[in-house]
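Asks: This is the structure, below, for whatever I ask next.
In my numbering, the protein residues as written are 80 to 284.
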């Protein structure tokens, strides 16, 4: 007859397999982002997400009150990642237009490296989701535009209307980024968001 395992040993193995506090939340968000990366992916259901993780839907709701909260977790990741980089550039030594171009490059490179997040940023992944998610992404781009406008003000000081010029340039820049994100997502990630970026920015700024 096979030797029985020591109960203490079994308990240790179970403890090792059990996710640490907060780890399951991260796993859920990673799985959601990975599912969003599939070109042409339809609306993601909690049932499909639970199946991918091999857990019950109830297990998902122990960590997030709703699917909207899961998407908010992705948006928080986008905000934290992007603005930490944008703030570093804004505080750097480069001239305003160079800062603008570097900030746009950071935004588009982030999207290219995180296709699932790019769909969230473009709004494609939020079409059938809670309205507050759309509002939050709109606020994200409002903050991006404000950051761009701030770094541009020093670069148009010779103008008769520096604030207006900075506002227009920042608005054009954000519109360009959003357009690139939509093209990237809708091409099934075939059209790089940084394609001909230098040439495009030279034409605009």
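Every residue, glycine too, gets a C-beta built ideally from N, C-alpha and C.
Since this is a predicted model, take the numbers as computed values, not measurements.
Within the stretch 169-208, note down every full beta strand (DSSP E) run reaching 3 residues or more, in order along the chain.
Replies: none
Asks: Take the Cβ of residue 101 as the centre, count every other Cβ of all protein chains shown within 10 Å, and call the residue buried at 16 or more, exposed below.
Replies: exposed
Asks: What are the complete beta strand (DSSP E) segments, minimum 3 residues, inside the stretch 101-140?
Replies: Counting only runs of 3 or more, we get nothing.
Asks: Would you report the Cα separation of residue 161 and residue 227, rounded to the nearest angstrom?
Replies: 13 Å
Asks: What does the alpha-carbon distance come out to for the pair residue 233 and residue 123?
Replies: 45 Å
Asks: Can you tell me the Cβ-Cβ gap for residue 205 and residue 149, rounded? I've got them flagged as a contact below 8 Å.
Replies: Their Cβ separation, rounded to whole angstroms, is 12 Å, which puts residue 205 and residue 149 out of contact at 8 Å.
Asks: Ends of the alpha helix (DSSP H) at residue 28?
Replies: The shown model of the chain, from 80 to 284, leaves out residue 28, and the question about it has no answer.
Asks: In its own chain, which residues sit with a C-beta less than 8 Å from the C-beta of residue 225, not counting the 5 before and 5 after it?
Replies: 249
Asks: Using only alpha-carbon positions, find the residue among 144, 203, 267, 169 that is nearest to residue 231.
Replies: Ranking the options by Cα distance to residue 231, first place goes to 169.
Asks: When burial is assigned at 16 or more other CB atoms within 10 Å of the CB, is residue 281 buried or exposed?
Replies: exposed
Asks: So residue 281 is in the alpha helix (DSSP H); what residue range does that whole segment cover?
Replies: 276-283
Asks: In chain order, what residues of the same chain have a beta carbon less than 6 Å from the beta carbon of residue 165, not counting five sequence neighbours either side?
Replies: Cβ contact annotation for residue 165 (same chain, cutoff 6 Å, sequence separation greater than five): 182, 226, in chain order.
Asks: Between the stretch 129-145 and the stretch 243-262, are three or more C-beta pairs nearer than 8 Å?
Replies: The stretch 129-145, when compared against the stretch 243-262, does not touch it at the 8 Å Cβ threshold.
Asks: Under the three-state reduction of DSSP, which class applies to residue 95: helix, strand or coil?
Replies: With a pLDDT of only 46 at residue 95, under the threshold of 50, the placement of this residue in the model should not be trusted, and no figure is reported.
Asks: Is the beta carbon of residue 216 less than 8 Å from the beta carbon of residue 200?
Replies: yes
Asks: I believe residue 191 touches residue 253 by the beta-carbon criterion, under 8 Å. Please report the beta-carbon distance rounded to the nearest angstrom.
Replies: Between residue 253 and residue 191 the Cβ distance is about 17 Å, and since that is not below 8 Å, they are no contact.
Asks: Count the other C-beta atoms from every protein chain shown that fall within 10 angstroms of the C-beta of residue 270, then say buried if there are 16 or more, exposed otherwise.
Replies: exposed
Asks: To which residues of the same chain is residue 159 closer than 7 Å at the C-beta, ignoring the five residues directly before and after it?
Replies: none
Asks: Indicate whether residue 198 and residue 115 have their beta-carbon atoms separated by less than 8 Å.
Replies: It is a contact, given that the beta carbons lie within the stated cut-off.
Asks: If you draw a straight line from the alpha carbon of residue 118 to that of residue 137, how long is it in whole angstroms?
Replies: If I take the Cα positions, the gap works out to 28 Å.
Asks: Measuring only the C-alpha atoms, how far is residue 202 from residue 172?
Replies: Roughly 33 Å separates the two Cα atoms.
Asks: Does the Cβ-Cβ distance between residue 184 and residue 128 come in under 8 Å?
Replies: no
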